[in-house]
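Engineer: Just so you know, the protein sequences line up as chains V and U, in that order. Numbering-wise, the working numbering puts 405 at position 405 of the first sequence, and it's gapless, one number per residue. Numbering-wise, the working numbering puts 205 at position 205 of the second sequence, and it's gapless, one number per residue.
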Amino acid sequence: MTEQGGQSSNQESRARPGQRRMAQWMRDYARLPGSPDEYIGQDGAPRPVWTRFFDAFAALSPADIERRFASADRHLREAGVTYRAPGDTSDRIWPLSHLPLIIDAADWRQLSAGIAQRAQLFEMVLADLYGEGKLVANGAIPAAAIAGSNEYLRALSGVRPPGGRHLHLYAADIGRGPDGRWWVLSDRTQAPSGAGYALENRLVLSRAFSNLYKSMNVERVAPFFEAFRDSLRASADRDEPRIGLLTPGSFNETYFEHATLARYLGFLLVEGDDLAVSGDRVHIRTVAGLKRLDVLLRRVDSNMLDPLELDASSYLGVPGLVDVLRKSGVVVANMPGSGVMEARALLGFLPNLCRRLLSEDLMMPHIATWWCGQKSAREQVLSRLDEFAIEGAYGRGVPGFPGNAPVLPGELSAADRDRLKDAIANRGIDYVGQELVRLSTTPTWENGRITPRPFVLRVFAAATPNGWTILPGGFCRIAEQADARAVSMGDGASSADVWIVSDKAVATSTLLPAVDTVRIRRIAGVLPSRAADNLFWLGRYLERAEATMRLIRALGTPQRDPTRGNSTGSTPALHSAERIQRMLVAWGATSQTARANPQKVALEALQSEEKFGSALSLVRSAQRTATGLRERLSPDAWQVITEMADRLAVEVHDDDGVVSAAELTLQELASFAGLAQENMNRAAGWRFLEMGRRAERAINTTRFTRQFAYDEAGDEDLDALLTLVDCQITYRSRYLLQPLLAPVRDLAILDPYNPRSVAFQVAALNEHIAALPSLKEHGLIERPQRLAVALEAMLTTAEAATLDVKKLFALEQDLLNLADAIGLHYFPHGPNASRPEKLTGLA
Amino acid sequence: MIYDIRHVTTYSYETQVSFARCSLRLEPLSDGGQTLISHNVEIRPKPAERATRRDFFGTLTQSILIETAHRTLRIDSRARVSLDRHPPARDAVSPSWESVRDVAVEATSLGPTSPVGYVFASSLVPVLRPVTAYAAASFPPGGGIIAGAADLMRRIRTEFKYDPKATVISTPLKEVFEKRHGVCQDFAHVMIAGLRGLGLPAAYVSGYLRTIPPPGQPRLQGADATHAWVSVWCGAELGWIGFDPTNDLVVANDHIILAVGRDFSDVSPVDGVIVGARKQKLAVAVDVLLVE
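#1: Could you check where the alpha helix (DSSP H) with residue 265(V) kicks off and where it finishes?
#2: So, with DSSP's three-state summary, where would you put residue 575(V)?
#3: Mind pulling the chain V residues with CB within less than 7 Å of residue 243(U)?
#4: Closer than 9 Å, Cβ to Cβ, to anything on chain V: give me those residues from the stretch 179–212 of chain U, in chain order.
#5: Do residue 257(U) and residue 205(U) have their C-beta atoms within less than 7 Å of each other?
#6: Nearest chain U C-beta to residue 127(V) closer than 7 Å, yes or no?
#7: I'd like the list of long-range same chain contacts for residue 506(V), defined as Cβ closer than 8 Å, with 5 residues on each side in sequence excluded.
#8: Return the residues of the stretch 267–293 of chain V that lie within a Cβ-Cβ distance of less than 8 Å from chain U, sorted by chain order.
#9: Contact criterion: CB-CB distance below 7 Å. Does residue 844(V) meet it with respect to chain U?
#10: Beta carbons nearer than 7 Å to chain V: which residues of the stretch 249–267 of chain U have them?
#11: For residue 177(U), go through chain V and note every residue whose CB falls closer than 7 Å to its CB, in chain order.
#12: Given a threshold of 16 other Cβ atoms within 10 Å of its Cβ, counted over all protein chains shown, does residue 360(V) qualify as buried or as exposed?
#13: Does the contact criterion of 3 or more C-beta pairs under 8 Å hold for the stretch 185–193 of chain V versus the stretch 351–359 of chain V?
#14: Alpha carbon to alpha carbon, what distance is there between residue 258(V) and residue 173(V)?
#15: List, in order along the chain, the chain V residues whose C-beta lies closer than 7 Å to that of residue 120(U)?
#16: Using three-state DSSP, classify residue 374(V) as helix, strand or coil.
#17: Would you kindly report the start and end of the unbroken beta strand (DSSP E) that includes residue 271(U)?
#18: State the CB to CB distance for the pair residue 261(V) and residue 196(V), rounded to an integer number of angstroms; the pair is presumed to be in contact (CB under 8 Å).
#19: Does any CB atom of chain V fall closer than 7 Å to the CB of residue 117(U)?
#20: Residue 658(V) and residue 606(V): beta carbons closer than 7 Å?
#21: Is there a Cβ of chain V sitting closer than 7 Å to that of residue 44(U), yes or no?
#22: List, from N- to C-terminal side, the beta strand (DSSP E) runs of 3 residues or more that fit wholly inside the stretch 63–143 of chain V.
#23: With a threshold of 8 Å, are at least 3 pairs of Cβ atoms found where one atom belongs to the stretch 375–383 of chain V and the other to the stretch 121–136 of chain V?
#24: What are the residues of the stretch 425–444 of chain V that lie near chain U, defined by any Cβ-Cβ distance shorter than 7 Å?
#25: Buried or exposed: where does residue 711(V) fall if 16 or more other Cβ atoms within 10 Å of its Cβ makes it buried?
#26: Go through the stretch 96–123 of chain U residue by residue and report every complete run of the alpha helix (DSSP H) that reaches 4 residues or more, in order.
#27: Going along the chain, which unbroken runs of the alpha helix (DSSP H) with 4 or more residues stay wholly within the stretch 397–455 of chain V?
#28: Against chain V, does residue 47(U) count as a neighbour if the rule is that its beta carbon must be under 7 Å from one of theirs?
#29: Any idea if residue 582(V) is buried or exposed, counting beta-carbon neighbours within 10 angstroms, 16 or more meaning buried?
#30: For the stretch 392–412 of chain V, list every residue whose C-beta sits within 8 Å of some C-beta in chain U, in sequence order.
#31: Are the C-beta of residue 605(V) and some C-beta of chain U separated by less than 7 Å?
#32: Going by Cα to Cα distance, which pick from 499(V), 526(V), 613(V) is closest to residue 551(V)?
#33: Please confirm whether residue 320(V) has its beta-carbon closer than 7 Å to some beta-carbon of chain U.
#34: Exposed or buried, which one is residue 161(U) when buried takes at least 16 other CB atoms within 10 Å?
#35: Mapping DSSP to helix, strand and coil, what is residue 318(V)?
#36: For the stretch 785–800 of chain V against the stretch 711–721 of chain V, do three or more pairs of beta-carbon atoms, one drawn from each stretch, fall closer than 8 Å, so that the two count as touching?
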């Protein structure tokens with residue numbers, strides 16, 4: 001063979017360290033007994049695509065390799081690629097296996113044909129099941145094998161899928177069996193996850209090993225996503241359709257992926273609460289009123305989609321959605337109810353169905369499966385019970401046994417084994433027996449060597465007007481333990497990029513872009529109310545955090561200005577400190593009892609986990625809010641918030657620590673503000689972030705002024721105020737005097753040129769409100785604008801001399817009302833408003 | 001027999017409700033033994049949209065949309081129905097329960113009356129081992145399906161305590177079974193769970209009972225509200241037969257069927273989502289009078 005010959009002659013010509021490393025890796029690579037392997041074929045020889053890869057890989061020095069791996073990990077961390085395992089309350093960093101899974105293009109072509117055929121078959125079966133019902137009537141599928149599935153939605157029986165098809169995206173979990181063929185382990189027809197992670201893995205790995213990636217002639221994944229997006233667009237019944245990606249929300253384990261896909265595909269990321277049924281259509285609640293939605297790519301399970309007709313306890317769906325489907329008012333991908341094809345009970349019937357519907361043989365085998373609802377199959381399984389893995393016939397988990405994993409009868413206690421036997425004998429319809437197969441392993445990188453690990457590969461297929469197109473690559477999960485079928489991201493598993501590589505010469509590689517470039521597109525032109533609400537609150541939380549920080553810093557910094565005497569003769573420094581403490585208590589940053597000790601107060605206000613108003617809690621609230629905005633925030637902005645929260649949680653012990661933590665945080669807040677100012681698109685979203693910030697700053701500044709520039713305030717208090725509102729320099733440059741009441745009040749409240757004054761904030765709010773779309777058509781001025789205009793007029797005409805505490809208090813109330821009015825007007829359905837609830841009781 | 005039915009559902013809210021989208025399943029069905037003569041529903045406040053269709057189970061479902069702010073939602077349903085049912089006696093000869101079980105899964109239809117839709121766990125009726133074991137005592141090997149179902153119904157009637165205060169709509173079946181108390185809905189769910197555990201098709205029926213019993217007979221439990229019982233598939237020949245575990249009765253001409261489904265969630269007479277109410281109070285009044 002030429003390949004081998006080439007290798008040996010090369011060995012002579014370059015006696016390199018790379019060669020030695022390669023040889024060492026080969027020697028150390030111990031295949032798992034009984035398992036086939038991706039790298040080393042059945043014949044004991046390395047597969048050529050892998051040899052090519054490792055030749056190039058080994059040419060890199062060990063230090064270089066580690067550096068590149070570290071850079072990949074850093075990118076994942078910085079981009080915030082995360083997931084949640086069931087039960088997690090915070091996100092985990094995505095564990096990426098550093099070596100790709102490599103599949104030969106010829107192998108892949110065959111596999112793709114099998115996947116496309118399967119998708120096509122499922123589509124035809126679904127059309128019949130929810131349509132004419134011939135397959136059940138003539139016995140090709142037992143009715144019981146369908147009726148047992150929770151995903152067979154009776155409410156959709158007889159409903160033709162809008163857009164003309166049930167399946168838009170199909171995925172299969174596959175593995176390579178001992179015979180060298182790819183086997184289907186399970187099908188995903190409901191709402192397959194993982195494509196977004198596959199995308200992210202590709203971006204990271206192709207960047208870390210750009211030359212290697214280029215030289216390998218790896219097929220690009222971007223065209224698949226473009227085809228998918230274009231097909232969804234084409235499925236709508238108007239030209240420029242609005243498409244939403246429906247997510248269960250930021251607590252979902254794969255929320256990051258939803259945000260990634262929405263951003264990448266240019267879809268709106270929406271939750272059930274963002275949508276409303278009106279007329280025969282689904283609409284998005286936006287800051288400009290209800291806007292028609294044409295296509296919904298869903299990541300919410302079917303049964304959760306409509307509390308009126310499906311699971312009544314669901315808060316994730318849209319009441320009335322099923323009825324809109326009946327009237328063909330929205331395309332939902334995949335059509336609710338398509339998950340019924342995931343039932344294992346159906347596997348055994350697929351070969352016959354394929355011959356009947358497509359007049360061809362099923363190309364891809366699946367794990368041999370016996371549905372115990374049929375007598376002969378049941379008897380077979382019961383007679384050789386220990387030779388099978390027992391699975392639920394329909395959903396995840398085995399009825400009567402805990403967890404989601406298959407049950408291996410041979411490993412059960414005698415009592416449990418008898419219980420299983422009884423259950424299968426009595427209600428065989430609920431169980432399948434599956435053949436135990438050892439699947440192949442793939443090389444992973446561990447401590448400077450390569451090691452074989454079991455894996456499961458999820459491949460994706462998208463329906464296009466020209467048939468099914470397969471994502472060249474996929475989502476590969478790698479197991480720690482030997483049975484790869486239990487792989488979920490929960491238990492110590494990692495994921496790998498998947499490279500489909502041509503074994504021909506790499507001459508064409510220069511024609512390919514170096515990496516998959518993300519196609520930049522604008523977020524569709526509407527801003528959902530929920531996103532606006534989140535942006536508004538993000539602005540408010542960050543501004544409140546800033547104000548709290550200023551209070552803390554003032555508390556930790558003794559008055560050190562020697563040029564300024566103590567004109568009142570009292571001990572006003574203490575006095576100011578007490579006022580600061582009082583404010584921190586009022587804001588929920590510290591508790592009353594700590595009042596005596598300023599240092600304790602500062603520490604608590606800085607990083608208390610319990611106090612909702614502590615700087616740490618505020619930044620965490622901002623972070624939580626930002627989580628719901630992942631598809632709208634730049635990675636840099638997200639990173640600033642994350643780092644801030646992480647650093648604030650690190651304990652400090654003394655005044656110096658408090659002050660430096662406060663200063664650092666203030667700098668970070670400023671850098672976030674800078675990022676928003678310089679980098680955020682000036683579409684409506686930016687305005688809501690800004691309005692939140694402006695409203696909160698106006699409120700805080702008024703409150704500071706009321707507290708420190710009260711009618712009898714001494715110069716120490718006024719000095720403290722100038723520091724809190726960051727106006728020391730302006731004041732000094734203007735007045736060259738010790739602080740006096742009227743000039744200080746004028747500067748803090750009325751001065752339209754001072755970017756920290758209340759008047760400046762109100763003017764900015766006015767500008768934003770005027771630029772936002774008007775909701776009503778009756779031509780009257782809307783409430784937020786009415787309040788803001790009145791406030792601006794008042795502030796423009798007021799005189800500092802007459803601004804007493806009473807007026808300041810009234811101003812504070814007006815500002816609070818304005819903030820509320822903005823909330824009520826633009827996001828009446830936001831998280832703070834009442835959400836739909838169920839009628840209760842046994843009616 | 002002809003009955004006049006009045007069924008008034010009133011929701012009172014603590015605060016104004018600005019929006020309501022509801023499904024109403026209030027029209028008694030027509031089948032072999034029951035004929036609907038007339039039906040009318042009045043809703044206050046008046047809905048902005050009102051549409052009717054038959055759901056999968058054949059129940060006439062009204063979808064209503066209310067956009068008028070309101071504190072009270074009143075749904076007043078009146079129906080006239082004639083009954084002419086001739087159920088078998090509880091000791092009638094019937095196929096063995098094992099044969100019913102085996103035939104049920106051979107069905108070649110997914111339609112609403114196909115037994116295969118009623119042998120699996122459903123959202124409110126899980127299949128639980130202790131409940132299955134409980135039911136198994138009524139089904140000796142080779143025993144007839146009717147005798148078994150009747151015996152199970154009798155045992156639930158005698159061994160469970162009727163207690164309207166013991167359970168709410170969300171009380172799980174497991175708890176009802178362990179504590180042996182509940183209302184008609186709970187008893188129906190327990191009986192269904194036991195039958196399905198054995199692989200037998202069992203459906204949930206919602207409906208009404210005649211309010212005033214025939215002279216000399218006791219007033220039936222559950223007559224002043226909507227009622228619930230169980231329908232059991234007894235083989236292709238006998239079809240579906242009603243069993244009322246709350247009253248230990250094979251369903252004849254005292255029961256008016258409103259809707260049939262897998263469990264309560266398929267048939268709930270008034271169901272919906274509202275926006276605005278902090279607290280809600282529900283009152284249901286049912287009157288079933290014998291006309292002739």
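In this text, a Cβ means the ideal position worked out from N, Cα and C, and glycines have one as well. Computed from a predicted model, the values in this text were never measured in an experiment.
Structural biologist: So, from the listed chains and residues:
#1: In the DSSP assignment, residue 265(V) falls within the alpha helix (DSSP H) that extends over 255–265.
#2: Three-state result, residue 575(V): helix.
#3: Those do not exist, as residue 243(U) stays about 20 Å from chain V at its closest Cβ, beyond 7 Å.
#4: Cβ contacts with chain V come from 183, 185, 196, 197, 198, 199.
#5: Annotated as proximal: residue 257(U) and residue 205(U), with beta-carbon spacing under 7 Å.
#6: Residue 127(V) does not count as touching chain U.
#7: With a pLDDT of 44 at residue 506(V), under the threshold of 50, the modelled position of this residue cannot be trusted, and the question is left open.
#8: If the cut-off is 8 Å between Cβ atoms, the stretch 267–293 of chain V has 277 near chain U.
#9: Lying before the first or after the last residue shown, residue 844(V) is absent from chain V, which here runs from 1 to 843.
#10: Of all residues in the stretch 249–267 of chain U, 265 have a Cβ within less than 7 Å of some Cβ in chain V.
#11: Ordered by position in chain V, no residue passes the 7 Å Cβ test against residue 177(U), which lies about 16 Å from the chain.
#12: With a threshold of 16 other beta carbon atoms within 10 Å, residue 360(V) falls short and is exposed.
#13: The stretch 185–193 of chain V and the stretch 351–359 of chain V do not touch, with fewer than 3 CB-CB distances between them shorter than 8 Å.
#14: In a straight line, the C-alpha of residue 173(V) is about 20 Å away from that of residue 258(V).
#15: Proximity of chain V to residue 120(U) at the Cβ level (cut-off 7 Å) is accounted for by 147, 148, in chain order.
#16: Looking at residue 374(V) - three-state DSSP - the assignment turns out to be coil, as it is neither helix nor strand.
#17: Residues 270–275.
#18: Cβ-Cβ separation between residue 261(V) and residue 196(V): approximately 4 Å, consistent with a contact (criterion under 8 Å).
#19: Chain V contact via Cβ: present.
#20: Judged by their CB atoms, residue 658(V) and residue 606(V) are nearer to each other than the 7 Å cut-off.
#21: No, its Cβ sits nowhere closer than 7 Å to a Cβ of chain V.
#22: If we require 3 residues or more, the beta strand (DSSP E) runs fully inside the stretch 63–143 of chain V come out as 101–104.
#23: By the C-beta criterion, the stretch 375–383 of chain V is judged not to be in contact with the stretch 121–136 of chain V, since fewer than 3 inter-stretch pairs fall below 8 Å.
#24: Among the residues of the stretch 425–444 of chain V, those with a Cβ less than 7 Å away from any Cβ of chain U are 426, 427, 429, in the order of the chain.
#25: It counts as exposed.
#26: Counting whole runs of 4 or more residues, the stretch 96–123 of chain U contains the alpha helix (DSSP H) stretches 97–104.
#27: Runs of the alpha helix (DSSP H) inside the stretch 397–455 of chain V: 414–426.
#28: Proximity of residue 47(U) to chain V, defined by a Cβ-Cβ separation below 7 Å, is not satisfied.
#29: If you draw a 10 Å sphere on the C-beta of residue 582(V), you find fewer than 16 other C-beta atoms in it, and that means exposed.
#30: So the close ones are 399, 400.
#31: Not closer than 7 Å to any Cβ of chain U, the Cβ of residue 605(V) fails to qualify, so no.
#32: Just measuring C-alpha positions, the residue of 499(V), 526(V), 613(V) sitting nearest residue 551(V) is 613(V).
#33: Yes, contact with chain U.
#34: For residue 161(U), the number of other beta carbons within 10 angstroms of its own is below 16, and it is reported as exposed.
#35: In this structure, residue 318(V) counts as coil in the three-state DSSP scheme.
#36: In the pairwise beta carbon analysis, the stretch 785–800 of chain V is classified as not touching the stretch 711–721 of chain V: fewer than three pairs are separated by under 8 Å.
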